[in-house]
Structures are given as C-alpha cells and as structure tokens.
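Protein sequences appear in the order of chains A and B.
This note's numbering applies: residue 1 is where the first sequence begins, and numbers increase by one.
This note's numbering applies: residue 1 is where the second sequence begins, and numbers increase by one.
Every residue gets a Cβ at the ideal spot worked out from N, C-alpha and C, and that includes glycine.
Below is one structure, written out as structure tokens; the observations come after it.
2 protein chains.
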Amino acid sequence: MTLDAPDATARPSRATLRDVAQLAEVSIKTASRVLSGQPNVREETARRVRDAARALRFRPNRLARDLRSGAVSTAVGFVIGDLSNPFYTQIAAGAERLLREHGLELFIATSDEDPERERRVTLTMLERRVRALFVVPVAEEHAYLVPEQQLGTPMVFIDRPAVDVAADSIVLDNRRAVREATERLIALGHRRIGLVADRTQVWTARERVAGFADAMRAAGTEDWQRWVHRAHDVATARAVASDLLAGPDAPTALFALNNRITAGVVNAVAGLPGPPAILGFDDFEFAATLGISVIAHDPVDLGRRAAETALDRLAGRTGMPQQIVLPTRFVARGSGERPPPKAGP
Amino acid sequence: MTLDAPDATARPSRATLRDVAQLAEVSIKTASRVLSGQPNVREETARRVRDAARALRFRPNRLARDLRSGAVSTAVGFVIGDLSNPFYTQIAAGAERLLREHGLELFIATSDEDPERERRVTLTMLERRVRALFVVPVAEEHAYLVPEQQLGTPMVFIDRPAVDVAADSIVLDNRRAVREATERLIALGHRRIGLVADRTQVWTARERVAGFADAMRAAGTEDWQRWVHRAHDVATARAVASDLLAGPDAPTALFALNNRITAGVVNAVAGLPGPPAILGFDDFEFAATLGISVIAHDPVDLGRRAAETALDRLAGRTGMPQQIVLPTRFVARGSGERPPPKAGP
DNA sequence: TCTGTTGTTGACATCGTTGGCACTGCGGTG
DNA sequence: CACCGCAGTGCCAACGATGTCAACAACAGA
Numbered sequence: 001m002t003l004d005a006p007d008a009t010a011r012p013s014r015a016t017l018r019d020v021a022q023l024a025e026v027s028i029k030t031a032s033r034v035l036s037g038q039p040n041v042r043e044e045t046a047r048r049v050r051d052a053a054r055a056l057r058f059r060p061n062r063l064a065r066d067l068r069s070g071a072v073s074t075a076v077g078f079v080i081g082d083l084s085n086p087f088y089t090q091i092a093a094g095a096e097r098l099l100r101e102h103g104l105e106l107f108i109a110t111s112d113e114d115p116e117r118e119r120r121v122t123l124t125m126l127e128r129r130v131r132a133l134f135v136v137p138v139a140e141e142h143a144y145l146v147p148e149q150q151l152g153t154p155m156v157f158i159d160r161p162a163v164d165v166a167a168d169s170i171v172l173d174n175r176r177a178v179r180e181a182t183e184r185l186i187a188l189g190h191r192r193i194g195l196v197a198d199r200t201q202v203w204t205a206r207e208r209v210a211g212f213a214d215a216m217r218a219a220g221t222e223d224w225q226r227w228v229h230r231a232h233d234v235a236t237a238r239a240v241a242s243d244l245l246a247g248p249d250a251p252t253a254l255f256a257l258n259n260r261i262t263a264g265v266v267n268a269v270a271g272l273p274g275p276p277a278i279l280g281f282d283d284f285e286f287a288a289t290l291g292i293s294v295i296a297h298d299p300v301d302l303g304r305r306a307a308e309t310a311l312d313r314l315a316g317r318t319g320m321p322q323q324i325v326l327p328t329r330f331v332a333r334g335s336g337e338r339p340p341p342k343a344g345p
Numbered sequence: 001m002t003l004d005a006p007d008a009t010a011r012p013s014r015a016t017l018r019d020v021a022q023l024a025e026v027s028i029k030t031a032s033r034v035l036s037g038q039p040n041v042r043e044e045t046a047r048r049v050r051d052a053a054r055a056l057r058f059r060p061n062r063l064a065r066d067l068r069s070g071a072v073s074t075a076v077g078f079v080i081g082d083l084s085n086p087f088y089t090q091i092a093a094g095a096e097r098l099l100r101e102h103g104l105e106l107f108i109a110t111s112d113e114d115p116e117r118e119r120r121v122t123l124t125m126l127e128r129r130v131r132a133l134f135v136v137p138v139a140e141e142h143a144y145l146v147p148e149q150q151l152g153t154p155m156v157f158i159d160r161p162a163v164d165v166a167a168d169s170i171v172l173d174n175r176r177a178v179r180e181a182t183e184r185l186i187a188l189g190h191r192r193i194g195l196v197a198d199r200t201q202v203w204t205a206r207e208r209v210a211g212f213a214d215a216m217r218a219a220g221t222e223d224w225q226r227w228v229h230r231a232h233d234v235a236t237a238r239a240v241a242s243d244l245l246a247g248p249d250a251p252t253a254l255f256a257l258n259n260r261i262t263a264g265v266v267n268a269v270a271g272l273p274g275p276p277a278i279l280g281f282d283d284f285e286f287a288a289t290l291g292i293s294v295i296a297h298d299p300v301d302l303g304r305r306a307a308e309t310a311l312d313r314l315a316g317r318t319g320m321p322q323q324i325v326l327p328t329r330f331v332a333r334g335s336g337e338r339p340p341p342k343a344g345p
C-alpha cells in the first residue's frame, strides 16, 4: 500500500473513452466510433463497447468533443437583460422551441441591462464557441462583435437593431404603433397626455417617444416634450404616475411605454375615482381582467423569428443583414377609450 | 509566395494562443502566462504579448481551457421547467445574482416540464462539465445523477426535493401554508371550498392538496376529495373555475394552488356579481391591484438560498444533504376574506 | 572560482475526443 | 497468382489551452 497511489484514495474520477475502450478490449477510436454512431463496426464489437460504456456510466466530455471538432457545438447563446422580465423570457421561450426542433440547445445568460456586462457575457458565450448568438441588446456599441461575426457565428439582434455590426435583427414597428395609439387618444379629445417612457439610452424608448412626438406635432402640440416622463422600473413608474395625477395640470391620459411601466401606472391609478385614460405598450396576463387597452405583440414570435433567421444563416444563407419588422396590434379594452372629462378650463 | 500558404486564401480563422505567441515572438507558454495573469514575465515581454493579442483580437477558447484544467469551469447549470413562467425565472434571477458575485455564470436550459427532456438537458449540462447544477425537477426519478454527484458536482433541487439521489434541496412549507389558509376559509364559514390544483405528478401539488385535506378533515369534512379539481395551465384553470361556479352546489370559495391557476381563476371570476372568496398560492404583480389574497413567498430568495447551498458545497462543506424549508406568509387583500353568502340551504 | 538563489523563458506532455491514414483479412477479378 | 475493394480495426496527430520541469542568465555569498 504505497502512499502515493492515487487510485487507492477515495477519489473516483469520471470514466473516459479510454476506460471504456480498455474494458471492451478495443481501441479508443473504435469505442468512439460506436458511441458516436459511425459505421463500420462489427455488431458484436459494438455491443461490447456499449456494455462497457453502460457499466462505467460513461458520459462523453462535450468540451473535448466540441474542441476537437471545431465549431459544431449544439449550444446557442442568448443574452437577455433580465430574467424576471417576462418580455425577455418569452422571447427566449419562442426561440428555444424552434431551436430545439433542430437539435440545438439554448443557453441563456443575463446582462442585467448593463452594457459592460452585456459585453462580458456575450464574449463568454463566444469563448464557449456557441453555434449562434442572440442578443437583446442594451449597449449601443457592438463593434467588438465584428471579427467574431466574420468568423462565421450568426448573430441576431432582437427587439433593438444592431448599430455598428452588420447583423440580422428582428424588431417591432414601435414608432408607428405609438403614433397611431397616440392619435386615438387625440381623437378622443385628449391633449394632456402623460407619456411614461424608459431611459433614453434604450432604442425602443427613443422610437416610441418619436412616434408620440409625430402624433402630438401633427395635432399642433409643439410642447410635447413637457409631457414625456421617464421611469425604468415598476416602483418609479408608479411614483411618476401618482405625482402626475396629483400635480397641477394633470394629464387626462397616461401612456405607459413598456410592460413594467404599465404595471406601475396601473398600480398608481387603481381605485382612483374618475381615472385617466390608460394605454400600455406590451400585452400582459391580467390586461383583459383589468380592462387595460394595450399595444399588443407577440414576444414568443419575436424569438421564433430570430431563431428562424439564425437557422437560415446556419443553413448557409449569405448576403446583407436583414431587418425584420413585426407588426403590433391595438387591443381596446376600455381603459384607452375613456374620453377626457367634459368640464375643462 | 508559395501556393499552399493557408493565410493567403480568404479563410479567416480564429486567432489562437499560438498565433499570438508567434507574433509576439515568444513561446506559447509565455503567452499563456501573460494572458492568464501568471507571474514571472518581464514587463516588456508581457507588453509585447498583450499587444499581439489585441492586434489579433485574440479570445481564449474556454473549451480548451476548461478541458485542460479539469472541472474548474465557471459555468453553472440551471434546469427549469418553462421560461415563460415567472416563478421559474425569478428563482433563476435570485440564483444568478449571488453566483455572479462569486465569478460564476448561470446557464439556463428548459425541460419543458417533461421528465425525459429534463433528463436529457441535465445530462447535457453535466457533459459540459458545469461546476454545479440546479434543478427545479419535474421528474420523480433522478438515480442517474448519483454517479455524477459522487464525482463532485454539487446539485441542488429547488422547490421540490430530490427523491432517489441524496442532494440538497430548498423547498417551501407547502403543506402547512395551505392547511392554515384553508383553516382561515373554514373559520369564515366556508364549507364548499373549490380547490384547483396542479397535476398529481407534481410534488408541490401533492403537498398542497395534503394541507387542504388536513384542514378539511379537521373540520369534519371527510368528503374533501370531491372539492379537489385539476388544471395545469391558465386556460384550463379558467374553464374549471367557470364550470364550478356555474354548476349546482357551487363553491363559496376558490383556492388556486399556483400562479398560473390563480390567473385562470381570477380571469373566470372577474366581473361576476357576488364573487366567491378567492385564495391563491404564489404572489403576483397585479395581486395587490386586484385585491387577491395569496400565500406569498419569495422565489428570488429560493434561488438565492439554492446558490448559497451550492457555494457552500463548492467551498468544501461535506456531510448529509440539507433540506431547507422556507416560510410562506399569508397576505390578506380582500378576496380571501369574503364570507360565504348568508342565505344558504 | 564555485555554489546557490531568483527570475525569465521554452520544450514537452497532457486534458478527452475525433479525423486521417494505414493495416489486416477476405472474397472476387483478370 | 497478383491485384483490388472493402469492412473492421488501431495508431498517431490534432484541437487549444495549461502544468511540469528544466535550461539559462544574472547575481550574491563563500
């Protein structure tokens, strides 16, 4: 009993192909052939190998496999902003479903809506040699992805387009959707419309505010900027809405530009007598129950289309990056159809 | 200018450590030392290497690194049932936050609530040599994980305990929570309590129904079984609730045993005159706005505790698997405090 | 001058797998 | 009988990184 015998100590180690080959009394290569389904192995030999693998509970090391065989990993990376926002996770769910049908696995990591973290997790994904990459970007700067893309990793940007890298993207028709919804409010007689938008850094927020501006200007309201307010999370949105309604010259309608803001606004308004009109961007589970009118779209479809695009590229499609614009639809449920109070100054 | 110079053809390939070393005119090993921050390299040499790496846009290949250095990957696997259920994603968000602080990255894959798929994605995670593994299990059978666990990969089961593998788990005090909530309904005078529970296969559903049975039996209701109904998604839950309320001997209270079922029930009841009392398991964003009383708990904390447990194991804690039971709290918001109608048979 | 120490560097083996190629029998062909 | 094709198998290199160890220079102390 020597002191340095490593196998004597209680340190079981994972069975490798070598162990399987040894037990089956074949070469490593033959074992590999059997276990990865290559032809030209006698059935009896194959059986021996399979038995050995089972006995040793052999699990191939994907790291080694993927390393050896270049970029044929089955992992696809998905970088989203925040796991607790259903908007992101539904996109992921949509992409996942389609990818799975093609034998690919979706791995999700979060950027926490921080550009620097987005960059880090994205690069980590690439270091792991994912087969394709999906990003719902927060950062404005993606030049660092250019070389990676040239190396052949398909990349698809979701919900927000790629700026300084020529990649495919799937977006919503934000500007038009908000313009048209704002026009509806104006047609109902609203002029004091409180818009609650996400941070300016976010592309969708900018687009949506632009749509609002389009409609307001068309209606002759040049000081539309004073009606634009900012919030990024539910609590802030709630506070902003409460303040607006309590303040002088309170808006007769509130327009919340994403799901979290809508949650805050709905919360603030709940139970108020003579509530303002309310519109939200993004549909949500309780919108029907609460009677909230929204600009609806299908995040699952957003993800599905992104997956389609990536699969196309993997199948060999080349050429200019595509930008797919998905439609939205207005769903009237009551809250957005309330006219402003009759008596006014 | 030879014909076979590979660099002459338009085949850009990813720069490796070798390329960097060549350009910097050092050995591969020295380049490795510089780029992975090992000591004992002359500053001038180090600078040359860093410059070369930058010029070639070198990105290390994690596959190779992780392969060589054994199981020291920074990836942690998380297997959840469904990306579009906030319950799961919030758990993931909680775990992610803590893991990140320890330099670990969370990779999420979904089982689609299918035991066979759960098994497959779990094994894939292990084949990728994750440092630790989290599972919100659907399957009842996890014996296949035993050898992997013995090899040292910490595993934590979340929301539902591990059955045939001795792993740590974090669960809620389901049975007690439901028993006590049911007792409240009984104290209010309810006897006809319609319970809408998830499938029997799901451990939490069984526990929660057991809690209901405890309370009903204690109150002398031996035929509690006839009040138990099943639903797995929002639509079914809604239909079940509608049927119950329309049928003869309609319940005076509805108790929904998870977030999706609650959504369906709330939907079905919305706007009804003289609505039944409603209780839900799992809190949700609009519960306050809608005045729905719930058994609340913190999924984010569930994830955080799971991460803590795994980190402990990684830090070397040995010994028996722990089962951590997290408390729930009852949040009264009105819907659960409605007494049954006075006039009765 | 010899020996020991310290810092810097590179040659080589290695992780677990797959690809390329060569080798062995064996039956069929000219 | 030399030759070919072909199924079945094994040896060796390779993927891209890191670990081990030794070589070497510079310098201090005896």
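Give a yes or no on whether the minimum CB-CB distance between residue i and chain A is below 9 Å.
i: A266 of chain B; result: Note on residue identity: the sequence assigns Val, not Ala, to residue 266 of chain B. Closer than 9 Å: yes.
i: T122 of chain B; result: no
i: V300 of chain B; result: yes
i: P137 of chain B; result: no
i: L63 of chain B; result: yes
i: T16 of chain B; result: no
i: D51 of chain B; result: no
i: V234 of chain B; result: yes
Quick check on residue i: buried or exposed, where buried means 16 or more other Cβ atoms within 10 Å of its Cβ?
i: E44 of chain A; result: exposed
i: T9 of chain B; result: Because the pLDDT at T9 of chain B is just 34, under 50, the model does not fix this residue reliably, and the value given afterwards should be weighed accordingly. Flag for T9 of chain B reads exposed.
i: A55 of chain B; result: exposed
i: M320 of chain B; result: exposed
i: S169 of chain A; result: buried
i: L272 of chain A; result: exposed
i: P86 of chain A; result: buried
Flag this pair as yes or no: are the beta carbons of residue i and residue j separated by less than 9 Å?
i: I108 of chain B; j: D159 of chain B; result: no
i: A132 of chain A; j: P115 of chain A; result: no
i: A181 of chain A; j: G37 of chain A; result: no
i: V26 of chain B; j: R50 of chain B; result: no
i: H190 of chain B; j: A237 of chain B; result: no
i: V196 of chain B; j: V265 of chain B; result: yes
i: A270 of chain A; j: V331 of chain A; result: no
i: V300 of chain A; j: G77 of chain A; result: no
i: R179 of chain A; j: G211 of chain A; result: yes
i: E105 of chain A; j: V325 of chain B; result: no
i: G194 of chain A; j: F255 of chain A; result: yes
i: D82 of chain B; j: E101 of chain B; result: no
Does the CB of residue i have a neighbour CB from chain B at under 9 Å?
i: F286 of chain A; result: yes
i: L67 of chain A; result: yes
i: E148 of chain A; result: yes
i: R131 of chain A; result: no
i: F281 of chain A; result: no
i: F107 of chain A; result: yes
i: D19 of chain A; result: no
i: R128 of chain A; result: yes
If distances are taken between C-alpha atoms only, which option among the options comes closest to residue i?
i: R260 of chain A; options: A:V294, A:R305, A:R59 and A:A93; result: A:V294
i: E207 of chain A; options: A:V171, A:A218 and A:K342; result: A:V171
i: V135 of chain B; options: B:L245, B:A24 and B:V156; result: B:V156
i: V146 of chain B; options: A:Q322, A:P341 and A:R14; result: A:R14
i: I186 of chain B; options: B:P251, B:Y144 and B:P60; result: B:P251
i: M125 of chain A; options: A:G334, A:A75 and A:I28; result: A:A75
i: A46 of chain A; options: A:N61, A:V20 and A:P276; result: A:V20
i: A235 of chain B; options: B:G291, B:G274, B:A263 and B:R338; result: B:A263
Starting from residue i, follow the alpha helix (DSSP H) in both directions and report where the run begins and ends.
i: G264 of chain B; result: N259 to V269
i: F157 of chain B; result: Premise fails: F157 of chain B lies in the beta strand (DSSP E), M155 to I158, not in any alpha helix (DSSP H).
i: F58 of chain A; result: Counting along the chain, F58 of chain A falls outside any alpha helix (DSSP H), and DSSP gives it neither H nor E.
i: L63 of chain B; result: R62 to R68
What residue range is occupied by the uninterrupted beta strand (DSSP E) comprising residue i?
i: I292 of chain A; result: Element bounds for I292 of chain A: n/a, residue is neither H nor E.
i: E105 of chain B; result: E105 to T110
i: F134 of chain B; result: A132 to V135
i: A253 of chain A; result: A253 to A256
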